[in-house]
Every structure is written in structure tokens, then in C-alpha cells.
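One structure is given below, encoded as C-alpha cells.
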Amino acid sequence: MSNKLGNIKFQSDTDVTVGQPFNNYSLKQFQPRLGIAYDPFKDGKTVIRAGIGLFNDFLHVQSFMAQFSANNPQPVLNMFFGEPLAPDLNVLPVIEFPSCTRCTVPTNFPGLLTGVLNPVSSPTSIQWHLEIERELIANIKFTATYSGAHSYHILRNIEGNHTLPCKSENGELIFNGRCGTAAPALSSKAITLYAEQF
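For the numbering used here, count along the sequence shown from 1 and bump the result up by 1400.
Structure below.
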């Protein structure tokens, strides 16, 4: 991906970093799993099963590639709606759609940047399971199960250049748009960031 993608790694960046889009922190994951099965009465009719495991979801560059490709070499992404790109090449009949020629006119919108804030840990889930099973009579069994999970480092999309609050009154933050933005060096651009939620 060298020299193909661009990234905003920190909100203090003044420009897009071209090259390595983000560091891969998921190359050496510790993912232990443990499971047991126990027959307490040694009669083959009762069994206790338990298991616990740590699982990771890996961050795939495909998740960000479309957004990052718009960052380089010119960090501008504009979207246009309303006009068909090739009206004479449609295979199926055209569905009537409101015409909007001014929707495709270039604007002074400075563009949208996308970034992944470093460090990014891979999403992680701890899962556990406890089961007790007892054969009551032939072909009839009683089973009680408890399962659970807890996840963290969940990836989320956040506004990267949000307006900063000016003051606080009675515990409420006051935003009036005159106190700057989170990424002042890129204040003319809209930024969306992928960051982890703890």
C-alpha cells in the first residue's frame, strides 16, 4: 500500500500522511481458549461442560481502502447526486428520477478526509459458557446453560474535526462555533476518523 493511501493519524496533523496507512498491532495476538468436560458421578448420565476464550477480529484494510484512496494524492472527496453518468448506455429502462443539473456543479467544498487514529487495537471479545446436562430417562435429557460475552476495542466512526465547546454552564457544554475545532490545522476540511471505543 506504500504511496497509495493517505491517513490522518493524529488530530494535530497538518496534512495527510501518504504511505503506510496505519500500524498493524494485531500480528501477535494472545488468544487463549480453555474447555473442560467432567462426569461427576462417573455413570455417563451427568456431564458438566465449561469453556472460556479470548477472540480477536482483525482489522482489514478493505474496511478503509475506499475512504483512504480519496486522501491521495489530492485529499478531496466530493459526491454528486442527481444526474445519470451514462444515460444512453442503460440496459434496463430508466426509472424516472427528478433532474437536478445544479447538483453536479463543482462547489467550493474543501473535501472530506478519512483517518484511523493510532494506536488501534483489534476488536476483542471474551466469551464463556457453562452447561450442565443430565439424562433423566432413555432419550430424555435436561440441560441448563449459561453463556456470556464481553467485547472491547470496538471500532467506531467519529467526527474528527468537531467544534470545541466554549464554556460550561450548570454542567452543560456550550457550543457556539467560535471556539475553534479539534483539528485546527485542517480546519477547512471535514474529517471522519476510525477510532476504538473502550
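Don't be surprised by glycine CBs; every beta carbon is placed ideally from N, CA and C.
In this text, all values refer to a predicted model and were calculated from it rather than measured experimentally.
*asked:* Cutting at 6 Å between CB atoms, please list the residues of its own chain near residue 1532, excluding the five before and the five after it.
replied: 1448 and 1544
How would you label residue 1409, buried or exposed, when you count the other beta carbons within 10 angstroms and need 16 or more for buried? buried
Item checked: At least three beta-carbon pairs within less than 8 Å, the region 1572 to 1581 to the region 1538 to 1556 -> no
- Could you spell out the range, first to last residue, of the beta strand (DSSP E) harbouring residue 1456? 1446 to 1456
Quiz prompt | Sequence-distant residues of its chain with Cβ nearer than 6 Å to residue 1451 (five each side left out) | solution = 1435 and 1529
request  = Answer yes or no: the CB of residue 1574 versus the heavy atoms of the ligand ATP, is any distance below 7 Å?
outcome  = Ligands displayed in this structure: none; no statement on the ligand ATP is therefore possible.
Rounding to the nearest angstrom, what Cα-Cα distance links residue 1417 and residue 1562 in this structure? 20 Å
- Query: residue 1519 to residue 1595, Cα distance in whole Å?
  - Reply: 9 Å
- Message: Does residue 1407 pass the burial test, meaning 16 or more other C-beta atoms within 10 Å, or should it be called exposed?
- Response: buried
Q) Any idea what DSSP makes of residue 1517, helix, strand or coil? A) coil
Just to confirm, is the Cβ distance from residue 1517 to residue 1564 under 8 Å? no
Distance between residue 1558 and residue 1598 (C-alpha atoms, nearest Å) | Here the model assigns residue 1598 a pLDDT of 48, short of 50, so the residue's position is not dependable and the matter cannot be decided.
*What separation, rounded to the nearest whole angstrom, lies between the Cα atoms of residue 1526 and residue 1433?*
10 Å
Q | Between the CA atoms of residue 1546 and residue 1442 - distance to the nearest angstrom | A | 23 Å
Return the chain-ordered list of same chain residues with a C-beta closer than 6 Å to the C-beta of residue 1585, the five sequence neighbours on each side being excluded. 1414
From the DSSP output, which residues share a beta bridge with residue 1435? 1451
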